[in-house]
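Trainee: This is the structure I want to talk about, given as structure tokens.
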Amino acid sequence: MKAQTDFYFYGCENCTLTELITFGDYKVVSYLEKRNSNKSRLMLLDKQNLGIDTLTGWLEGYRRIIKTGENSFTSIGNSSLDFSIQDGKIMIDRSIGMRYFLDVKENGMTIDNPIIFWDNWVITPFFERKEPSKKGKNKEDSKLFERQFFALPTKELRSNPDITSSRKDFYGGRVPVESNFIIHGKEKNPWWKFYPITKKVIYEGLPYRDATFAVNGGGLLMLERMSNSLYLLSQTPEQVQAKQILLGVDTVKFRFWEVFSDLTRKQDYLLVWNISEKHYEIWELDISRGSYKALGKTPHHPYHIEDGHYFVKLETDKRVDILRLPIY
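Under the UniProt record's numbering, the first residue of the sequence shown carries the number 1, and numbering increases by one thereafter.
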């Protein structure tokens with residue numbers, strides 16, 4: 001990789017910037033309040049980095065933003081919102097949120113996060129705490145978990161705007177009433193039905209290493225980080241199919257950390273943590289062949305890859321800087 005100097009892209013002082021994603025001449029910047037990670041602000045910048053639109057409100061259970069097209073992106077967490085950029089404004093196309101999250105069950109498992117909109121489906125993991133591996137321990141103390149991914153067709157969603165998301169201080173009231181969906185764990189007669197798309201995976205450890213996603217052309221790349229499992233999801237009008245991509249990697253030495261799709265160059269990447277050498281590596285993926293090529297190591301943790309460059313965020317107590325670095 002080239003020397004990582006003089007690649008400054010954007011920065012701000014005394015700010016809580018979390019991510020910056022480019023859309024042609026536009027940039028979308030997200031900010032979160034330090035004291036309340038659910039409170040957020042999205043700002044649209046023009047070519048001169050001037051703010052031309054701002055949305056302020058609640059981005060519940062926020063994890064990250066994923067670019068899904070030339071002018072579209074989605075947020076993931078224990079809710080998901082689809083956004084599009086239209087005529088110099090950030091518009092919200094649809095929203096799905098959870099109420100009484102831990103009471104949303106399927107096949108004896110509890111819904112997990114992040115949840116993501118993907119075309120005509122909602123994708124999310126579920127988990128279940130298993131019996132402890134050692135005798136004499138309570139199930140509640142067990143660190144043995146089972147996780148499985150499920151899909152819910154969007155055609156089955158029911159609009160149910162609640163008081164919070166209908167207010168003007170929830171992203172300026174731009175959440176459409178007809179596509180504002182709520183899954184309520186306390187509902188007496190649950191209408192939803194999630195369909196399993198992967199096999200169950202058992203692992204030992206805390207279940208907080210979230211899955212991560214990347215839109216891959218017509219498919220969706222899904223990384224289950226607890227088990228080092230990479231999947232390519234495809235869809236028909238009636239079902240979602242998940243194909244596991246087997247890379248033949250020594251999972252004792254490497255931990256899969258993030259998956260990315262460069263929509264400009266139509267290339268997929270994997271961010272890998274080298275356990276023994278304690279550094280990140282960027283691998284170029286060939287999904288069709290189930291192979292990879294290690295491109296080099298990086299001291300940074302990229303959050304986005306586009307047009308042959310990866311974006312990293314550098315933070316100090318006083319400022320946040322975004323660097324745009326060439327992959328090779």
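Ideal Cβ positions, reconstructed from N, Cα and C, are used throughout, including at glycine.
Measure from the alpha carbon of residue 157 to the alpha carbon of each residue in 306, 94, 201, then state which is nearest.
Mentor: When each option's Cα is compared against that of residue 157, the closest is 94.
Trainee: Look at the Cβ atom of residue 125, then the Cβ atom of residue 149, and state whether they are nearer than 8 Å.
Mentor: Yes, Cβ-Cβ distance for residue 125 and residue 149 is below 8 Å.
Trainee: What's the C-alpha gap between residue 253 and residue 276?
Mentor: Cα to Cα, the separation comes out at about 6 Å.
Trainee: When burial is assigned at 16 or more other CB atoms within 10 Å of the CB, is residue 147 buried or exposed?
Mentor: With 16 or more other Cβ atoms within 10 Å, it is buried.
Trainee: What is the DSSP secondary structure of residue 4, counted as helix, strand or coil?
Mentor: Reliability fails at residue 4, whose pLDDT of 46 lies under 50, so the model's placement of it is uncertain and the value that follows must be treated cautiously. Residue state, collapsed to three classes: coil.
Trainee: Do you know how far the Cα of residue 298 is from the Cα of residue 3?
Mentor: Interpretation of residue 3 is limited by its pLDDT of 43, a score under 50 that renders its predicted location unreliable; the figure taken from the coordinates is listed afterwards. C-alpha separation (whole angstroms): 10 Å.
Trainee: Let's see if you can read the secondary structure: which residues bound the beta strand (DSSP E) around residue 281?
Mentor: Unbroken beta strand (DSSP E) run through residue 281: 279-286.
Trainee: Considering only C-alpha positions, which residue in the set 281, 263, 46, 187 is nearest to residue 292?
Mentor: Measuring from the Cα of residue 292, the nearest candidate turns out to be 281.
Trainee: Would you tell me roughly how many angstroms separate the C-alpha atoms of residue 76 and residue 64, rounded to the nearest one?
Mentor: C-alpha separation (whole angstroms): 6 Å.
Trainee: Using 8 Å as the threshold, is the C-beta distance between residue 145 and residue 203 below it?
Mentor: Taking 8 Å as the Cβ cut-off, residue 145 and residue 203 qualify as a contacting pair.
Trainee: DSSP state of residue 103, grouped into three classes?
Mentor: Here residue 103 sits in helix by DSSP.
Trainee: Between the Cα of residue 39 and those of 285, 49, 55, spot the shortest distance and give me the residue it belongs to.
Mentor: Of the candidates 285, 49, 55, the one whose C-alpha sits nearest the C-alpha of residue 39 is 55.
Trainee: Provide the residue(s) that pair with residue 332 in DSSP beta bridges, ordered along the chain.
Mentor: In the structure displayed, the chain extends from 1 to 328; residue 332 sits before or after that span and is not available.
Trainee: Taking the alpha carbon of residue 230 as the point to measure from, which residue in 179, 48, 270 has its own alpha carbon closest?
Mentor: Among 179, 48, 270, the Cα nearest to that of residue 230 is on 270.
Trainee: Taking all protein chains shown into account, do 16 or more other C-beta atoms lie within 10 angstroms of the C-beta of residue 235, making it buried, or fewer, making it exposed?
Mentor: That one is buried.
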